[in-house]
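Student: Numbered by my numbering, the letters in the sequence shown go through residues 932 to 1215 in order. We put the beta carbon where it would ideally sit given N, CA and C, even for glycine.
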Amino acid sequence: MYLFYFLPALGWGLMPVIASLTKAKPINQLLGTTMMALVCGTLILFFVQPELNRTIVVVTFLSGCLWSIGQYLQFRSFQLMAVSEAMPISNGSQLIGTTLVAVVFFQEWQGVSAFIIGGSGIILILLGIVCTSFNKRQYQQKATGDFKKALFYLLLSSSALVFYVTLPKLFSISGIAVIFPQSIGMFIGSLFFAWIEKEQIDPIDIIKNWPTGIFWSVANISLFLIIPLLGVAKSFTFSQLAVLVSIFGGLYFLKGKKNINELRLIILGSVLITLGILLVGAIK
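1. Please tell me whether, using a cut-off of 7 Å, the distance from the CB of PRO1019 to the nearest non-hydrogen atom of the ligand GDP is below it.
2. Do you know how far the Cα of VAL1109 is from the Cα of LEU1122?
3. Might you give, ordered along the chain, the residues of its own chain that have their beta carbon closer than 8 Å to the beta carbon of GLN986, omitting 5 neighbours on each side?
4. Thinking C-alpha only, which one of ALA955, GLN1113, GLY944 is nearest GLN1131?
5. Quick one: Cα of SER1114 to Cα of VAL1096, how far?
6. Straight-line CA distance for SER1153 to PRO939?
7. Would GLY1049 pass as a contact of VAL1202 if the rule is Cβ separation under 8 Å?
8. Under three-state DSSP, which class holds TRP1147?
9. SER994: buried (16+ other C-beta within 10 angstroms of its C-beta) or exposed?
10. Among residues of its own chain, excluding the 5 on either side of ALA1213, which ones have a beta-carbon nearer than 6 Å to its beta-carbon?
11. Spatial neighbours of LEU969 within its chain, please: CB distance less than 6 Å, with the 5 preceding and 5 following residues excluded, ordered by chain position.
12. Specify the secondary structure class of GLU1128 as computed by DSSP and reduced to three states.
13. Just how far apart, CA to CA, sit ARG1195 and ILE1107?
14. So what's PHE1009 in DSSP terms, helix, strand or just coil?
15. State buried or exposed for LEU1156, treating a residue as buried only when at least 16 other CB atoms are found within 10 Å of its CB.
16. Is it buried or exposed for LEU934, if we count other Cβ within 10 angstroms and need 16 for buried?
17. For GLU1016, count the other beta carbons within 10 Å of its own beta carbon; 16 or more makes it buried, fewer makes it exposed. Which is it?
18. If I follow the unbroken alpha helix (DSSP H) through ASN1192, where does it start and stop?
19. Assign ALA1074 to one of three DSSP states: helix, strand, or coil.
20. Indicate whether GLN1025 and VAL1093 have their beta-carbon atoms separated by less than 8 Å.
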């Protein structure tokens, strides 16, 4: 049962690792992911038959389009930066962005103590991002185009993914009803990028990324199943531990080369990120 609680973290944490293992172009990674997300969303529609209305369909469709933008840019960043270095920046900035939106628009932090605890959590996450993303070679070459471009992609990606998460909440939409119309938006968004990069499309690479979509869907669906058991705050907190899976999964499966000092910083950064996530999650 306890392993079930960690399915969102495992699914979302392994997803970028699996996508990178295929060595496919970002557009093929995106198409493969959204195809399987649409299949899983369709199965949910037929077997669970969630209640849908016009607002749910339109808002979650737009949310899915935002996801496709964010995920495409994240896949682009993996071409320029190792997954184990990119994901702490991506996950950390997403969590900070989502938290800030929740504080400003949804008033989720009430009282001085909430701001002290939450602010401390954000500081720990930022310090953890710095530690886990440190690479001596990149540090010496930060002026290079690749590093700046990857960072630019990641920050744009996180902005889109923050609104993908918060848009349904703005309209008080939640639950399993989100999944099908959201998956349509994801797929339509990926078709738009496919039209722009049609020369890059490779059917074999798309098929190779079907498992990427399966892992994403397992994480997404399991989160909605866990929420009634643990509540929103704890479920969201567990899901954010995906960053640890991405860090160490990237190092192990993608053979990321680190010296002893960089490994120590990664471990320290992972601890700081975990503590920060727990602090922020504790007040949601």
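Tutor: Reading from the atomic positions:
1. The ligand GDP is absent from the structure shown, which contains no ligand whatsoever.
2. 20 Å
3. According to the sequence displayed, residue 986 carries Thr and not Gln. Within the same chain, THR986 has close Cβ partners PHE1102, ILE1104.
4. ALA955
5. 13 Å
6. 6 Å
7. no
8. helix
9. buried
10. none
11. SER1114, PHE1118
12. coil
13. 40 Å
14. helix
15. exposed
16. exposed
17. buried
18. 1191–1213
19. Confidence at ALA1074 is low in this model, with a pLDDT of 48, below 50, so its placement is unreliable and no value can be given for it.
20. yes
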